[in-house]
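Chemist: Before we start, here is the structure in question, set down as structure tokens.
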Amino acid sequence: METEQPKQKSSPHVLIFPCPAQGHVNPMLKLAELLAIQNLHTTFLNTKYIHNRLIQFNDDIQALLESYPKLQFKTISDFHDEEEHPGFGEKIGDVLVALSLYGKPLLRDIIVSEKISCLIVDGIFGDLAIDLAHEFGIQLITFRTISACCLWAYLCVPKLIQCNELPIRGDEDMDRMIRNTPGMENLLRCRDFPSFKRVDKENDHIILDHVVLLTQQSLKANALILNTFEDLEAPILSQIRLHFPKLTTYTLGPLHHHLYTTKKSSSSSSSSSFFKADRTCMTWLESQPLKSVVYVNFGSITSMKREEIIEIWHGLLNSKKQFLWVIRPNMVQEKGLLKELEEGTNKEQGLIVGWVPQEEVLSHKAIGAFLTHSGWNSTLESVVCGVPMICWPYFADQQINSRFVSDVWKIGLDMKDVCDRKVVENMVNDVMVNRKEAFLKSAMEIAKLACKSVSCDGSSYNNFKDLIEYIRSTSP
Ligand code: UDX
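Residue numbering for the sequence shown is 1 to 476, as defined by full-length UniProt numbering.
If you want it as structure tokens, here you go:
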């Protein structure tokens, strides 16, 4: 009689599917590279539109594939023609709706053809992949690109509505404290709560409710990955773990530094920019004194009104500090404004460019402060480099991130809801001169903790080992 052979486990194959936006593709591609370094078969799934931009603007994408034979890119349609594509900015919702309505069969085909054994899907897709994970008996891990504090705020929303603390009742309500948020009950005013009002004032609360619903759906996964680290958000992470005891939460961040520390080969990890980076700024920075430059960048989505740009500009000029300001090609609607700024700025004081290699810029010794929109990636990149921040949040998690920067971590100032040249000037001088030592001290302390978390035996380092073990052990 033949003895029955034990069933051979197939080698795991992970599919990573980010929301097609810059702040999502960046950290999820870092994770893909970390998995590939562990020799895990990894497929990175992008919409065609975003994949084309990656190939067009990043010379190192090809090199990345050559370095890791087990890493591959696949594309999925987003159901929009190239000519009338909504892009990846404020209209990203159109792409997300199309993907949630029609994307499932395409995702299904990829799972079958690639023999996927584990899905790591952006939490912004809600329950897009849950049925598929059940159908194929594979693991589903949700990846949230936002801070833990924002995720926790989203999860508190139903309770806040029940207690009549939400919705916010207009502009006059903005300084009211929001209490039913365990772990941050003495911290958040209405104006610090995640918000979409600078994108769509009328529908702010409807959008928030929808995002909350997607968040709840996404937590039906088997596990959760967050791009943060234990020492940064410990009290908030405890709340999430307390309320979702069955959901293993892996904090792996800061992922860009985790990858850099793992590779130890270059000053920054592979780039995945949606725009061509202008490297002339690096030469300009070389000629600037130590910690003398204010770096200004409001991320990949923020759009600004003429008046706001003018106020920031005058604030910077009046501060008398040198500045490097990134104004994306699609950030200002008015033709001629950019020319006006460029012509009116003394080249000795300020340089204005369209897109920069941000990780490299922030780690340059000439940078003294970061005037930022408080996107989570930008915040983490600044944290790692020990650069104090001046925060001017735009939407979503940025409102709460900036509150944590100023009032919890004390590594910067929060300028939210104000755009006035005098305030800009004063805050720049506070961070760069008057309170410079205090901000630098706390920023350096947190930077050390960030580096420790991704070094051997640090929390993110160990969590990543656990994640690999989890993926291998649950592979069918
Ligand atoms: C969005 C949301 O705004 C953010 O709050 C959320 O956490 C993720 O999705 P975005 O607005 O683009 O992201 O901001 P951010 O999270 O800071 O991501 C921008 C990324 O683009 C960063 O990794 C940054 O390094 C990179 N970048 C930006 C550049 O490389 N060069 C630039 O000139 C500007």
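Just so it is clear, CB atoms sit at the ideal spot from N, CA and C, and this is done for glycine as well.
Looking at N377 and ligand 1, is the gap between the Cβ and the nearest heavy atom below 6 Å?
Modeler: Answer for N377: yes, Cβ within range of ligand 1.
Chemist: Quick one, are the C-beta atoms of L119 and A133 less than 7 Å apart?
Modeler: Yes, the pair counts as a contact, with Cβ atoms nearer than the cut-off.
Chemist: Identify whether Y260 lies in helix, strand or coil by the three-state DSSP scheme.
Modeler: The answer is helix: DSSP assigns Y260 an H, G or I state.
Chemist: With H, G and I counted as helix, E and B as strand and the rest as coil, what does DSSP make of M389?
Modeler: Three-state result, M389: strand.
Chemist: Short check: CB of Q38 to CB of P194, under 7 Å?
Modeler: No, Cβ-Cβ distance for Q38 and P194 is not below 7 Å.
Chemist: Distance check for K305 and V332, CA to CA, integer angstroms please.
Modeler: Approximately 7 Å, taken between the alpha carbons.
Chemist: Looking at I236 and C149, is the spacing between their C-beta atoms short of 7 Å?
Modeler: A contact, by the Cβ cut-off of 7 Å.
Chemist: Based on DSSP bridge pairs, tell me the residues matched to C118.
Modeler: Bridge partners of C118: V14, Q139.
Chemist: For S303, which of helix, strand or coil comes out of DSSP?
Modeler: Coil, per DSSP.
Chemist: Determine, using beta carbons only, whether S382 and H258 come nearer to each other than 7 Å.
Modeler: No, they are not a contact pair.
Chemist: Just grab the DSSP bridge partners of Q72 for me.
Modeler: Paired residues: T43.
Chemist: Kindly examine ligand 1 and report whether one of its heavy atoms sits closer than 6 Å to the Cβ of G123.
Modeler: Not under cutoff, so the answer is no.
Chemist: If we count Cβ pairs, one from each stretch, closer than 8 Å, do we get three or more for the stretch 280-294 versus the stretch 318-331?
Modeler: Short answer: they touch.
Chemist: What do you get for D457, buried or exposed, if any count of 16 or more other CB atoms within 10 angstroms of its CB means buried?
Modeler: With fewer than 16 other Cβ atoms within 10 Å, it is exposed.
Chemist: In chain order, what are the residue ranges of uninterrupted beta strand (DSSP E) at least 3 long that sit wholly in the stretch 374-440?
Modeler: Those beta strand (DSSP E) runs which fall completely within the stretch 374-440 and span 3+ residues are 389-391, 412-414.
Chemist: Over what stretch of residues does the alpha helix (DSSP H) that includes V157 continue unbroken?
Modeler: Note, V157: alpha helix (DSSP H), 148-162.
Chemist: Give the DSSP-derived three-state secondary structure of G123 in the structure shown.
Modeler: DSSP places G123 in helix when its eight states are reduced to three.
Chemist: Quick check on the DSSP output: the beta strand (DSSP E) that includes L371 runs from which residue to which?
Modeler: Residues 367-372.
Chemist: Quick one: is the Cβ of G299 within less than 6 Å of any heavy atom of ligand 1?
Modeler: Yes, the beta carbon of G299 sits closer than 6 Å to at least one heavy atom of ligand 1.
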